[in-house]
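The listed protein sequences derive, respectively, from chains A and B. Counting in UniProt numbering, the first sequence tops out at residue 295, every number present. Counting in UniProt numbering, the second sequence tops out at residue 295, every number present. Structure, as structure tokens:
Number of protein chains: 2
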Amino acid sequence: MRAARRQRARPVSAAPAQAAFPLAIIAGSGEYPPRLASLAAARGHEVYVAAIEGAAQPGDFAPHSVRAYRLGQLGRLLDELKRRGIGDLVMIGALPRPSFGSLLPEPSTLKYLPHFARAFQGGDDHLLKGVVQFFENQGYRVHGPADIAPALTAPLGALGRRQAPTVARAVIEQGFALLAALSPFDVGQAAIVADHRVVAIEAAEGTDAMIKRVAELVASGRLKFARHDGVLVKAPKDGQDLRVDMPAIGPDTLRNLAQAGLSGVALRAGKVLVGDSDRLGKLADELGLFVEGVA
Amino acid sequence: MRAARRQRARPVSAAPAQAAFPLAIIAGSGEYPPRLASLAAARGHEVYVAAIEGAAQPGDFAPHSVRAYRLGQLGRLLDELKRRGIGDLVMIGALPRPSFGSLLPEPSTLKYLPHFARAFQGGDDHLLKGVVQFFENQGYRVHGPADIAPALTAPLGALGRRQAPTVARAVIEQGFALLAALSPFDVGQAAIVADHRVVAIEAAEGTDAMIKRVAELVASGRLKFARHDGVLVKAPKDGQDLRVDMPAIGPDTLRNLAQAGLSGVALRAGKVLVGDSDRLGKLADELGLFVEGVA
Numbered sequence: 001m002r003a004a005r006r007q008r009a010r011p012v013s014a015a016p017a018q019a020a021f022p023l024a025i026i027a028g029s030g031e032y033p034p035r036l037a038s039l040a041a042a043r044g045h046e047v048y049v050a051a052i053e054g055a056a057q058p059g060d061f062a063p064h065s066v067r068a069y070r071l072g073q074l075g076r077l078l079d080e081l082k083r084r085g086i087g088d089l090v091m092i093g094a095l096p097r098p099s100f101g102s103l104l105p106e107p108s109t110l111k112y113l114p115h116f117a118r119a120f121q122g123g124d125d126h127l128l129k130g131v132v133q134f135f136e137n138q139g140y141r142v143h144g145p146a147d148i149a150p151a152l153t154a155p156l157g158a159l160g161r162r163q164a165p166t167v168a169r170a171v172i173e174q175g176f177a178l179l180a181a182l183s184p185f186d187v188g189q190a191a192i193v194a195d196h197r198v199v200a201i202e203a204a205e206g207t208d209a210m211i212k213r214v215a216e217l218v219a220s221g222r223l224k225f226a227r228h229d230g231v232l233v234k235a236p237k238d239g240q241d242l243r244v245d246m247p248a249i250g251p252d253t254l255r256n257l258a259q260a261g262l263s264g265v266a267l268r269a270g271k272v273l274v275g276d277s278d279r280l281g282k283l284a285d286e287l288g289l290f291v292e293g294v295a
Numbered sequence: 001m002r003a004a005r006r007q008r009a010r011p012v013s014a015a016p017a018q019a020a021f022p023l024a025i026i027a028g029s030g031e032y033p034p035r036l037a038s039l040a041a042a043r044g045h046e047v048y049v050a051a052i053e054g055a056a057q058p059g060d061f062a063p064h065s066v067r068a069y070r071l072g073q074l075g076r077l078l079d080e081l082k083r084r085g086i087g088d089l090v091m092i093g094a095l096p097r098p099s100f101g102s103l104l105p106e107p108s109t110l111k112y113l114p115h116f117a118r119a120f121q122g123g124d125d126h127l128l129k130g131v132v133q134f135f136e137n138q139g140y141r142v143h144g145p146a147d148i149a150p151a152l153t154a155p156l157g158a159l160g161r162r163q164a165p166t167v168a169r170a171v172i173e174q175g176f177a178l179l180a181a182l183s184p185f186d187v188g189q190a191a192i193v194a195d196h197r198v199v200a201i202e203a204a205e206g207t208d209a210m211i212k213r214v215a216e217l218v219a220s221g222r223l224k225f226a227r228h229d230g231v232l233v234k235a236p237k238d239g240q241d242l243r244v245d246m247p248a249i250g251p252d253t254l255r256n257l258a259q260a261g262l263s264g265v266a267l268r269a270g271k272v273l274v275g276d277s278d279r280l281g282k283l284a285d286e287l288g289l290f291v292e293g294v295a
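Shown next as structure tokens:
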């Protein structure tokens, strides 16, 4: 047990001491936004949360300053940031497909619409990049969640008691090499390698759907591998803008992995959101999985 | 219409005149084995069909010489090939997971079992390579279906009236480049590119399951692309042994593509089985798809 403990998770990098500038958190859904607010406040930031209506619940952000905004209230948000002297912001959490009503612009928002016309013509990634660019053009610094709160990301080493078995090391490296080879095609945040071969590659379906596909192939007998042989690998694409588009795993990911009979998951340390790594490590232990951050 | 007709399908290569050696066809299920038997006979080969029990129906091979064999009757097959002076063979069609009964070796087969012990320890690909090696070690020449009957494969150009739209050319090249990048990882016979991004990559699930996944993503609104924008690309992996493991598409593939709202399929000409290209071209026309062989 001593050896295992020595190799347990440690932070990816000692984050440099930051000036505790006031920070706006533009918050979508999920558990990450409230956790980011707490971690940012703990580091001395004065936090102001813009909870996107239909995604984030303002009540989840107590005791921080919070207000709900429709997407069409962008002008009001900018006015409030100016009033508060906030020049730094971070975006986190998922947004639902916006309803027509939520987009309906207030008068103070109308003047910004032309900035978004082009961004809306591409895919989701394109739109998010357009949003970052918009805020930057308005003079804001846009930070990544991992910059503000490294503790949200996968640390180096095992999150729970289990480490990746030695035999899985080569498979994990093969998986990361595969993801790197896919990067130029702007696809492939995750893959599943089992029995020394690639059994699933993620594209538009998302990680959870990919894991479920493998579970079904195993259940139907079309795919066989030794228990504790299959590994999920997950990493950002080269050049992915980690300020608005970080890969993430959560408790559901682990439950799906266990159900598919996979052995665990290897994450690119510091570059994949895990939320609360202690809690995720405990869940991994319960489920008999390894979760490991790899440099 | 003239321009379109000028570019219609033509054979990938003028096959060299072959000495019409006697040929054994080891036949699994599907429509390819009977068609290969006819095409081989038309080229002057004296054909002997070994119909694998549980997969091929001997009656489908009239008027050629045919006999049903259980997998455990390998020794009997080899004796018959020797008796007939056949030194060349080709394997085609799918095999079901063998039942215990079908494997039960006859006395004449027992002596060959040690040859297969190692081959059975790997995956399916490994097993097929082991079977090829076994026959080669016994002095047989193992041919690929495409060598015996190039007409079974995708010709160069459009199989039906429709050609890939000009705007799709770049997308198709992107798709083939993606498959080439995956080759070193021994995965990726097919992918779907739509809206200038890769939306699905095939691994263990197979091509049809991948197409259905895209159909579901579209139906659920999670994926959007213009009608006639999405393209399936399919090609063998570099170094894939085309004698026992050729990629293939068929009528079901086209029906699934149409249902998913895809625009068509680009195939590596001469390296993907299409069975009857005229019939497949007609079906493509009915479904409003393009099917095109690309050099």
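Glycine residues also receive a C-beta, built at the ideal position from the N, C-alpha and C atoms.
Contact annotation, leucine 39 (chain B) with alanine 151 (chain B): C-beta distance approximately 6 Å; criterion of less than 8 Å satisfied. Bounds of the alpha helix (DSSP H) holding methionine 210 (chain B) are 207-219.
Glutamine 138 (chain A) counts as exposed, since fewer than 16 other beta carbons sit within 10 angstroms of its beta carbon. Listed along chain B are Val198, Val199, Ala200 and Ile201, each with a C-beta nearer than 7 Å to that of alanine 203 (chain A). When DSSP reads this structure, phenylalanine 290 (chain A) sits in a beta bridge with A:Gly264. By the neighbour-count criterion, in which a residue is buried when 16 or more other Cβ atoms sit within 10 angstroms of its Cβ, glutamate 202 (chain B) is buried. Against chain B, a Cβ distance below 7 Å from leucine 217 (chain A) picks out Ala204 and Glu205. Within 10 angstroms of the beta-carbon of proline 107 (chain A) lie fewer than 16 other beta-carbons, which makes it exposed. Spanning the alpha carbons of phenylalanine 185 (chain A) and valine 199 (chain B) requires a straight line of approximately 11 Å.
Under the DSSP definition of a beta bridge, glycine 157 (chain A) partners with A:Gly293. If you check each beta-carbon in the stretch 164-183 of chain B against every beta-carbon of chain A, the ones closer than 8 Å belong to Gln174, Ala177, Leu178, Ala181 and Leu182. Proximity of arginine 213 (chain A) to chain B, defined by a Cβ-Cβ separation below 7 Å, is satisfied. Each residue's CA atom was taken as its position, placing aspartate 195 (chain B) and arginine 222 (chain B) some 14 Å apart.
Taking every protein chain shown into account, the CB of serine 220 (chain A) has fewer than 16 other CB atoms within 10 angstroms, so this residue is exposed. Taken in chain order, the whole beta strand (DSSP E) runs of length 3 or more contained in the stretch 18-92 of chain A are 23-27, 47-52, 65-69 and 88-92. Not one beta carbon of chain A lies nearer than 7 Å to the beta carbon of valine 294 (chain B).
Against phenylalanine 21 (chain B), chain A offers no close residue; the least beta-carbon distance is about 36 Å (beta-carbon pairs closer than 9 Å). A Cβ of chain B is located within less than 7 Å of the beta carbon of valine 187 (chain A).
CA-CA distance, alanine 258 (chain B) to alanine 190 (chain A), rounds to 28 Å. In this structure isoleucine 52 (chain A) does not touch alanine 24 (chain A) by the C-beta definition: roughly 12 Å separates them, more than the 8 Å allowed. By the C-beta criterion, the stretch 261-273 of chain A is judged to be in contact with the stretch 223-241 of chain A, since at least 3 inter-stretch pairs fall below 8 Å. At a cut-off of 7 Å between C-beta atoms, leucine 223 (chain A) counts as an interface residue with respect to chain B. Measuring C-alpha to C-alpha distances from tyrosine 48 (chain B) to each of B:Arg169, B:Ala55 and B:Ala62 identifies B:Ala62 as the nearest. Your pair leucine 103 (chain A) and glycine 72 (chain A) checks out as a contact, with CB atoms roughly 5 Å apart and the cut at 8 Å. Shown here for serine 183 (chain A): same chain residues with a beta carbon closer than 8 Å to its own, the five before and five after excluded, namely Lys237, Asp238 and Gly239 in chain order. In this model, threonine 253 (chain B) and aspartate 208 (chain B) are separated by some 6 Å (Cα to Cα).
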